[in-house]
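Below is one structure, written out as C-alpha cells; the observations come after it.
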C-alpha cells in the first residue's frame, strides 16, 4: 500500500501529509490505514466532483418519470402502461427518486465528503488568520509580477516603507529588516476563504433544515364546501402526508368554515384573483366557542402559530333531487373535478342505496357541469369560469355499481359487462328534470362551490431561509474577493543614490485581473511611475500629460 | 385594467424588428466567419511560407492565406491596409445590427410592460424574449470588452432560433396576468432566472467553442493553417469568457432559485417539492457548482471543466424547453 495518497499529491491540504515513521504493518493499523485511505478518497475533490455529477444525474429520472409524491394517478397509469419496466422501476425507486436509498446515499456521501473537507480547512484558515504574512522571497524577479523602481530622491528606506505601508491600508502586512534593507510582506483577500467556508457550511445547514422539516413537519389537503364546518385533524384530511416522527396525534386541530369564495376574471376568462373568507377556531377557541375571521388568497396563505393555511383550488358541486317511483324525495350533492380553464367539471353521483328494490336499482348520474353553459349540437361546454349560467349534462345508469375505484367516476367494467344499464341522457339547467323509464325523476337543483385547502407545517423552514441567505452571501464573497500577495524589498541606494524598491506580486486567485492592480501597488512607492508623489524634475511633464 | 393597444402594437413591432435584426446579424457573422480571408496582412519576412502552403495568388512567394486569430480573437489590422476587407465589413455590420436588434428587443419589452402595466414576464413568449435580450446583451458586452467577434455567429444562431420560436409558436397578445402569477415574486424570481439563464446559455456556447478550438489546437499546424475554426478566439480567451460569465450568472441563478423557493412557500404550500422545474433548476445548479470547483482544481481545468460547463448548458436548455413543453408540473403556465 502506498504511503501517499495520489489524489492529494498536489498538496492542497497539509493535514494530509503522512508522517513517514508511523508505518508498521500490524493488522489493526492495516485496517486503520485502509479506512484512512477511504476517508482521504472521499474527501478528495475528485470524488466530490464525481458525487456532484452523480447527484445531478440521479435527479434526472425525477423530472422524466412521473413521481408518486407529485401525481399518484399518473404514476400508477405509467406502471400499467409499461408492464415490464414499470414494476422494476418502481421497485428500484425511480418513481420516488428523492426518497430512494440510492439518492440518499449520494447526497449523504457528498455531505460527509464536504464536512470532511470543511473541518480541516476551517482549522487551517484559523491558523492562517493568526499567522503573519509570509517572508519576502529572496528573488522577487521570479514572481509572476515584478518591477524594480527608484524612490524619489532624498527618501531613506524607512520613509519609503512608511509611505508604502500607509498605502496598504486594507492589507495584512508585516515589516521585516534584512540588515539595511527593509521588506514588507502584505496579503489580502482573507474574506474569500470566509465566504467559501460560510457557503459550504450553509449548505450543510440547509440540508439539516430540510431533514428536520421532513421529520417533524406535515402537510394535509382537504376539500370543503362553502358553509361546511370542518375540523382539520389527521383523520379529516383527504390526503395527509406526515413527517417521519409525526403520527397525527400531536396535531393541533383547526376548525374552519369557509363563508365566501370570490374570483375575478378578465373578459377572456383568466382568473386574476381568488379570495376566500372564513371563520376559524384554534385549540383554545374550541373550549370558549370563540370564532375568528380569516382570509386567504392565491399567493397569500394564512399563517397561524406555525401552521399555514393555503387555498390551492376551487370547483363546483352540482346538486340533484331524485324523486323515486315510491314518491320518496332525496337530495344529493357531489364535488365535481374541473377539467379545463373554463371550469367545465366532471364527476359522478353514485347512489348505492335507493329506496326501491335494493342493489339492482342502484343509480349513477355521470355528468359534466358547466358554470357558464353553451350547448352546440347537443354537446355541453363552458364558455366562462364564473357561474353565470350553470348547467349539467348527465348520463344516467341503473343497476349494480360494483366496486368503486374513484369518487369521480363509475366503474367502467360494470357498464361494459351490462351490470349498469344506460337509462338515457339529458342537458339540464337549474330546475329542469328528466325522468327515466321506471319513473324515477332527476332534477338539477343548483350547485355549491368547494375549495381545496392545504395545511402545511414545517418548523425548520425559517432556518432553511437563513442558511440560504448566508449561502448566497458566502458565494458572493468567495466569487468576488481576490487573494493577492505583494512584497516590497526596499534597499538604500549606493552612496546617497535613490532608494531602490523591488516589488513582487502573486495573484492566488483570478490571475488575469492582477495586472493593473499590481501597477497601482508599485505606484505606492513614492516616485514610482504613476505614484502621486512625483519627483520634482518630472512634475511638469506629469501635469502636462 | 385594460391593455393599452398602442403600446402593445409598438411592442410587437419592436419584437419583429429585433427578430429581423437577429437574423441579419447572424447572416453577417456567418459571412465573416465563413470567409477564408483574414484581416492580418502577412509579409514574407514575418511569416515564411513553406512549399505547398496556401497563398493568395497560388505562387509559393505570394501572400499566405493563413487564418489567424489574434489573442483577442480577431486579426490585427495594420495601418498599411487600404480599407477593410469585405468579410470584416460584414462582421462589423453584424455587430451594429446586433446592437440595433438589442435596442429593439428592449424597446419591445418596455412597451409590453407599459401596455399591460406589469413586468413583461408573464408568459413563455415574454420570458423567451427576455432570454434573447440577455443573451444578446452578454454578446455585446463581451465583444466590446474582448473583441471576440467571431463568437457572434454561434451566439446569434440560437438567439435567432429562439426569437423565431417566440414570435411564432409561443406568441401571445399582451394581456393580464393569471392569478397565480399576479405577485411581486414574479418580478423578482422570473427576472433573476431569465437573466441568469440567458448568461449561462452564453457561457455554455463559449465552452462549446472552447472544446472545438481545443480539439483543433491539438491537431496542430494543419488546423491553424486550414480551418476556419482557427478564427475562433484562443482557448484561453474562450475559457475566460465562459468562466467570467458563469461566475456572474451563478450567484444570480442561486438567488433566483432561492426566490423561487420563497414564492413556492406562499403559492404551493412548501418551499421545495421536486416539481420538474425545480429538479431541472437543481441539476443546473449542481452542475455549475461542479464546474466552478473543477475550474479551481488542478487537473480539472481546461477541457474537463469545459465539458462540465457544456453539461450545465445542456441542463439549462433541458429546463427551458423540455420541462416547459413536454412535462407537466406546477410551472406549466403557457
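Residue numbers (our numbering), protein chains in the order written: chain R, 49 to 593; chain V, 181 to 514.
Note that the Cβ used here is the ideal one computed from N, Cα and C, for glycine as well.
- [ ] Taking only the alpha-carbon atoms, compute the straight-line gap between residue 246/R and residue 515/R and give it to the nearest angstrom.
- [x] Against the first chain, residue 246/R aligns to sequence position 198. Against the first chain, residue 515/R aligns to sequence position 467. Taking the straight line from one Cα to the other gives about 9 Å.
Open item on the list: So for residue 481/V, helix, strand or coil by DSSP?
Closed with: Numbered from its first residue, the second chain carries residue 481/V at position 301. Coil at residue 481/V, not helix or strand.
Open item on the list: Which of the three DSSP states is assigned to residue 143/R in this structure?
Closed with: In the first chain, the residue the question calls residue 143/R occupies position 95. Coil, per DSSP.
Task: CB contact below 9 Å: residue 482/V versus chain R - done: As a working note, residue 482/V is residue 302 in the second chain. Chain R places no beta carbon closer than 9 Å to that of residue 482/V, leaving this residue out of the contacts.
Task: Contact set between the region 512-524 of chain R and chain V, restricted to residues whose Cβ is under 9 Å from the partner - done: 512, 513, 516, 517, 519, 520, 523 and 524
TODO: Look at residue 444/R and residue 268/R and say whether their C-beta atoms are less than 9 Å apart.
DONE: Residue mapping note: residue 444/R aligns to position 396 of the first chain, counting from 1. Residue mapping note: residue 268/R aligns to position 220 of the first chain, counting from 1. Contact flag unset, no.
TODO: Give the straight-line distance between the Cα atoms of residue 273/V and residue 279/V, rounded to the nearest whole angstrom.
DONE: On the second chain, residue 273/V is found 93 positions in, with the first residue counted as 1. On the second chain, residue 279/V is found 99 positions in, with the first residue counted as 1. Going by the C-alpha atoms only, they are around 10 Å apart.
Task: Against chain V: residues of the region 253-267 of chain R by CB proximity under 8 Å - done: 258 and 267
TODO: Drop a sphere of 10 angstroms on the beta-carbon of residue 379/R, count the other beta-carbons inside from all chains shown, and report buried for 16 or more, exposed for fewer.
DONE: Position 331 of the first chain holds residue 379/R. By the 10 Å Cβ count, residue 379/R comes out exposed.
Task: Cβ separation of residue 468/R and residue 396/R, assumed to be a contact under 8 Å, to the nearest whole Å - done: Residue 468/R sits at position 420 when you count from the first residue of the first chain. Residue 396/R sits at position 348 when you count from the first residue of the first chain. Contact doesn't hold; Cβ gap of about 11 Å is too wide.
Task: Closest by C-alpha distance to residue 327/V, when choosing among 409/V, 366/V, 417/V and 495/V - done: Locating residue 327/V in the second chain gives position 147, where the first residue counts as 1. Residue 327/V has its Cα closest to that of 417/V, out of 409/V, 366/V, 417/V and 495/V.
Task: Reference residue 392/R; option with closest CA among 399/R, 400/R and 383/R - done: Residue mapping note: residue 392/R aligns to position 344 of the first chain, counting from 1. Cα-wise, what sits closest to residue 392/R is 383/R.
Task: DSSP state of residue 390/R mapped onto helix, strand, coil - done: Working through the first chain from its first residue, we reach residue 390/R at position 342. Residue 390/R: coil per DSSP, three-state reduction.
Task: Whole-Å CB distance - residue 304/V paired with residue 310/V, under 8 Å assumed - done: Working through the second chain from its first residue, we reach residue 304/V at position 124. Working through the second chain from its first residue, we reach residue 310/V at position 130. Cβ-Cβ separation between residue 304/V and residue 310/V: approximately 11 Å, too far for a contact (criterion under 8 Å).
TODO: Give the secondary structure of residue 285/V by DSSP, where H, G and I count as helix, E and B as strand, and everything else as coil.
DONE: Within the second chain, residue 285/V is the residue found at index 105, counting from 1. DSSP places residue 285/V in helix when its eight states are reduced to three.
Open item on the list: Against chain V, with Cβ distances strictly below 9 Å, would residue 536/R count as a contact?
Closed with: Here residue 536/R is taken as the residue at index 488 of the first chain, counted from 1. No, because no Cβ of chain V sits closer than 9 Å to the Cβ of residue 536/R.
Open item on the list: Given this structure, state the Cα-to-Cα distance separating residue 302/R from residue 387/V, to the nearest angstrom.
Closed with: The residue you call residue 302/R lines up with position 254 of the first chain. The residue you call residue 387/V lines up with position 207 of the second chain. Cα-Cα distance, rounded: 55 Å.
TODO: Please report how far the alpha carbon of residue 332/V lies from the alpha carbon of residue 284/V, in whole angstroms.
DONE: Translated into the one-based positions of the second chain, residue 332/V becomes position 152. Translated into the one-based positions of the second chain, residue 284/V becomes position 104. So the two alpha carbons sit approximately 18 Å from each other.
Open item on the list: Against residue 487/R, what residues of chain V qualify as contacts under a CB-to-CB distance less than 7 Å, listed in chain order?
Closed with: The residue given as residue 487/R occupies position 439 in the first chain. Result: empty, since nearest Cβ-Cβ is about 46 Å, beyond 7 Å.
Task: Partners in chain V for residue 348/R, counting only beta-carbon separations shorter than 7 Å - done: As a position in the first chain, residue 348/R is number 300, starting the count at 1. Here the neighbours are 446.
TODO: Tell me whether residue 321/R counts as near the ligand HEM, meaning its Cβ is closer than 8 Å to at least one heavy atom of that ligand.
DONE: This structure simply doesn't include the ligand HEM, nor any ligand for that matter.
TODO: Kindly indicate which residue of 362/R, 192/R, 513/R and 520/R has the alpha-carbon position closest to the one of residue 272/R.
DONE: Here residue 272/R corresponds to residue number 224 of the first chain, with the count starting at 1. Measuring from the Cα of residue 272/R, the nearest candidate turns out to be 362/R.
Open item on the list: Using the three-state DSSP reduction, which class does residue 335/R fall into: helix, strand or coil?
Closed with: Locating residue 335/R in the first chain gives position 287, where the first residue counts as 1. Of the three classes helix, strand and coil, the one that applies to residue 335/R here is helix, per DSSP.
Open item on the list: Which residues in chain R have a C-beta closer than 8 Å to the C-beta of residue 381/V? List them in chain order.
Closed with: Translated into positions along the second chain, residue 381/V becomes position 201. Residues of chain R with a Cβ closer than 8 Å to the Cβ of residue 381/V do not exist; the shortest Cβ-Cβ separation is about 18 Å.
Task: 4-residue-minimum alpha helix (DSSP H) runs that sit fully inside the region 170-258 of chain R, ordered along the chain - done: 205-215
Open item on the list: So, at 7 Å on beta carbons, what are the nonlocal neighbours of residue 250/R in its own chain, with the 5 sequence-adjacent residues on each side left out?
Closed with: By 1-based counting over the first chain, the position of residue 250/R is 202. Taken in chain order, the residues that qualify are 515, 518, 519 and 522.
Open item on the list: By the three-class DSSP mapping on this structure, what secondary structure does residue 546/R have?
Closed with: Working through the first chain from its first residue, we reach residue 546/R at position 498. In this structure, residue 546/R counts as coil in the three-state DSSP scheme.
Open item on the list: If I measure Cβ to Cβ from residue 350/R and keep anything under 6 Å in the same chain, skipping five residues before and after, which residues do I get?
Closed with: Counting from 1 along the first chain, the entry for residue 350/R is found at position 302. So the list reads 342, 344 and 357, once near-sequence residues are dropped.
Task: Neighbourhood of residue 170/R by C-beta, 7 Å cutoff - its chain only, sequence neighbours within 5 removed - done: Within the first chain, residue 170/R is the residue found at index 122, counting from 1. Correct list, in chain order: 245.
TODO: List the whole-angstrom C-beta distance separating residue 194/V from residue 291/V, where the pair is believed to meet the contact cut-off of C-beta under 8 Å.
DONE: Position 14 of the second chain, counting from 1, holds the residue named residue 194/V. Position 111 of the second chain, counting from 1, holds the residue named residue 291/V. Contact flag correct, Cβ pair sits at about 6 Å.
Open item on the list: Is there a Cβ of chain V sitting closer than 9 Å to that of residue 320/R, yes or no?
Closed with: As a first step, residue 320/R is located in the first chain; it is residue number 272 there, counting from the start. For residue 320/R, the answer is yes, since a Cβ of chain V falls inside 9 Å of its Cβ.
- [ ] Report yes or no: do three or more beta-carbon pairs, one from the region 522-535 of chain R and one from the region 222-241 of chain R, lie closer than 8 Å?
- [x] yes
Open item on the list: DSSP has residue 554/R in a bridge; who is on the other side?
Closed with: Position 506 of the first chain, counting from 1, holds the residue named residue 554/R. Paired residues: 533/R.
Task: Proximal chain V residues relative to residue 594/R, where beta-carbon distance stays under 7 Å - done: The requested residue 594/R is not part of the displayed model; chain R covers only 49 to 593.
TODO: Can you pull the chain V residues whose beta carbon is under 9 Å from the beta carbon of residue 101/R, in chain order?
DONE: Walking along the first chain from the start, residue 101/R turns up at place 53. Residues of chain V passing the Cβ test: 466, 467, 470, 488 and 491.
TODO: Mind the definition here: the region 398-418 of chain V touches the region 343-359 of chain V only if three or more C-beta pairs lie below 8 Å; say whether that holds.
DONE: Judged by pairs of C-beta atoms under 8 Å, the region 398-418 of chain V does not touch the region 343-359 of chain V, as fewer than three such pairs exist.
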